[in-house]
Amino acid sequence: MNLLTDSILVLLILASFLLLSSSRLSNCIKTVALQGMMVGVLPLAANDSLTCRVTAIALVIAGMKGIVFPYMLFRTLRESTTIKELKPYVGYTASMFAGVVSLVASFWLDSRLHLPVAASSRLVVPVAFSMMLTGIFLIVGRRTAVNQVIGYLVMENGIYTFGLAIVRDVPLLVELGVLMDMFMAVFVMGIAIYRINREFDHIDSDQLNTLKG
Amino acid sequence: MMDVAHYMGVPLGLCMAPLLLGIINRTKAFFAGRNGSPLFQAYYDIWKLLRKDAVYSRTTTWIFRSAPVVGLGSVMIAMILVPVAGSSLFAFTGDLIFFAYCLGLMRFATVIAALDTGSSFEGMGASREVHFSTLAEPALLLGLAALAKLSGSFSLTGMFGGLSGSDWLASGPAIALIAFAVFVVFLAENARIPVDDPNTHLELTMIHEVMILDYSGPDLGIVLYAAALKLWVLGALIVNILICAADLSGFSGLIVFAGGMFILAVLVGIVESIMARLSLLKVPQLLVGAGAMSVLALILVMRFTS
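In order, the protein sequences belong to chains A and B. When we follow our numbering, the leftmost residue of the first sequence carries the number 688, and every step to the right adds one. When we follow our numbering, the leftmost residue of the second sequence carries the number 614, and every step to the right adds one.
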């Protein structure tokens, strides 16, 4: 059981590294979909006693993160002409280094942090931190709007994983509320990307600065 | 019985290393639907080259002539340290660093000889080789450090001897990460496909082949043989990581080890058949990725064992 959880957590980190290093947007979406699925099924692997409710929530979340969001992102991507992140603010090799540094930082942070409850695996909390940091890094380090949405999703994956470690049993209502928020966020961003694309013929969010007077 | 097997590791490597090249080429030929060159082609090539005369450019000095011998010597020393079937000829605490820098010395000899020829073309290859190995070396050393931490021993023999099946159960993800990182280093260091194409000659993208362009005759034979030994030595690390769970020794260990090496060669052939060479700008990314995996493995191991 523990080995399975740890393997999933390690795969989550590897997915973050992959996101930091790949330039093709469709690959990024596929990776974040895979990461979302793994985050979704994490409670199934981590929980010793599976109830119907936990299973249902896990499946709904895996479906949302793994199928619905990526589908919406893919649709946005089809409508725009961008297929690659051409000039990120931070290069891919440097991003990878930043990913490693943030990983080390999250393990350090975890060792300084004394949580009142024991997590299901010793890796959960540091992995969650590293995903949050990776998400923030993607949001500030990339130019295209799609990649920024992906960064947002990665950050959310991290927050969800952290919540999983701290609160074993999240009330259904809270869970669905968060999920609904995210759904709206991705939806709105999809529309925003569509608009940016229609106005400017690209989805480079850096150009929005020129709108200022 | 046990003693004979103990001394068999190095002769096994010395004899079988060129066979790995044959297996890789046969696998690639199988995927391409060709018959391919004979399995023992590398032996024929080396034998043919050893009987020829060498031609030296007037620009070159003794550095160029000594480099193949230095390379062969250092890779042989590295070979002595690598355990085969649980025992190596020679082991001491900290020999993993000595091992890494034996290979480093071999690379240094090749690079400095390439610069010695005065050809701008070979200088370019040398620059690339150094650039990529700067990134590959941390991946290898950090991976070995993680293994050392896991097994609590700082010699290669103790490291692989200390690993067992229970380690795979306790920290399987970490060991798998190390094995993958070392595999990437193995492909990069031996100039195999995602990094360099061993079949291209006189092309601007190649790395290893361009540095040995000026060698001929016996020198080229020695360079080829040393490259085969390097393939064997680095491959032995991966096979040792993967078969340590079986905990074999003696002749059965030798047979399993040799089988593992051949499976590894087939795997390399498959990788070369289904992948294209990465563009030169992507290679550092791949190697940094391997390094990141080693760091991750080291962190995991330190966390699990502390």
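Built from N, CA and C at the ideal position, the CB exists for glycine as well.
Nearest C-alpha to residue 720 of chain B among B:704, B:691, B:731: B:691. Segment contact: the region 809 to 825 of chain A against the region 862 to 876 of chain A, fewer than three CB-CB distances shorter than 8 Å; contact not assigned. Under the Cβ criterion of 8 Å, residue 700 of chain A is counted among the residues facing chain B. Rounded to whole angstroms, the Cβ separation of residue 907 of chain B and residue 752 of chain B is 5 Å, and the two are in contact under 8 Å. A contact between stretches requires three or more CB pairs, one per stretch, nearer than 8 Å, and the region 722 to 735 of chain B fails this requirement with the region 883 to 890 of chain B. Residue 702 of chain A places its beta carbon less than 8 Å from that of residue 721 of chain A.
Interface annotation for the region 771 to 800 of chain A against chain B: 779, 780, 783, 784, 786, 787, 790, 791, 794, criterion Cβ-Cβ distance under 8 Å. Between residue 688 of chain B and residue 715 of chain B, the beta carbon gap of about 7 Å places them in contact (Cβ cut-off 8 Å). Collapsing the DSSP output to three states places residue 891 of chain A in a strand. Three or more Cβ pairs drawn from the region 785 to 793 of chain A and the region 819 to 832 of chain A lie within less than 8 Å of each other, which places the two stretches in contact.
The three-state reading of DSSP puts residue 768 of chain A in coil, since its state is none of H, G, I, E or B. Counting only runs of 4 or more residues that sit fully inside the region 810 to 850 of chain B, the alpha helix (DSSP H) segments are 821 to 824, in chain order. In the structure shown, residue 697 of chain B falls within a strand segment according to DSSP collapsed to helix, strand and coil.
Comparing alpha carbon positions, the residue from B:741, B:708, B:710, B:711 closest to residue 724 of chain B is B:741. Less than 8 Å separates the beta-carbon of residue 867 of chain B from that of residue 698 of chain B.
In the three-state DSSP reduction, residue 848 of chain A falls in the helix class (H, G or I).
Boundaries for residue 755 of chain A: no alpha helix (DSSP H) harbours it, and the DSSP string shows neither H nor E there. Contacts with chain B at 8 Å (Cβ-Cβ) do not include residue 830 of chain A.
The C-alpha of residue 727 of chain A lies about 11 Å from the C-alpha of residue 699 of chain A. Contact between residue 836 of chain A and residue 876 of chain A holds, with the beta-carbon distance rounding to 5 Å and staying under 8 Å.
For the region 791 to 819 of chain B, there are no residues whose beta carbon sits under 9 Å from a beta carbon of chain A. The beta-bridge partner set that DSSP reports for residue 711 of chain A consists of A:771.
Between residue 869 of chain B and chain A, the shortest Cβ-Cβ separation is not below 8 Å.
DSSP, read as helix, strand or coil, puts residue 831 of chain A in strand.
For residue 782 of chain B, at least one C-beta of chain A is nearer than 8 Å to its own C-beta. Between the beta-carbon of residue 725 of chain A and that of residue 695 of chain A there is about 5 Å, and that keeps the pair under the 8 Å contact cut. Residue 704 of chain A has a beta carbon lying within less than 8 Å of a beta carbon in chain B. Apart from sequence neighbours up to five positions away, the residues of its chain that approach residue 636 of chain B with a beta-carbon distance below 8 Å are 652, 875, 878, 879, 882, ordered along the chain. Excluding the 5 residues flanking it on each side, residue 644 of chain B has same chain C-beta neighbours closer than 6 Å at 886, in chain order. Approximately 12 Å separates the beta-carbon atoms of residue 849 of chain A and residue 804 of chain A; this is outside 8 Å, ruling out the contact. Runs of the alpha helix (DSSP H) lying entirely within the region 753 to 810 of chain B and spanning at least 4 residues, in chain order: 769 to 775, 778 to 802. One thing to note: residue 772 of chain B has its Cβ no nearer than 8 Å to the Cβ of residue 790 of chain B. Within 8 Å of the CB of residue 809 of chain A, the CB atoms of chain B belong to 916, 917, in sequence order along the chain. DSSP, reduced to helix, strand and coil, places residue 674 of chain B outside both helices and strands of the structure shown, so it counts as coil. Boundaries of the alpha helix (DSSP H) harbouring residue 657 of chain B: 654 to 663, taken from the DSSP string.
Within the same chain, and ignoring the five residues on either side of residue 719 of chain A in sequence, the residues whose Cβ sits closer than 6 Å to its Cβ are 837, 840.
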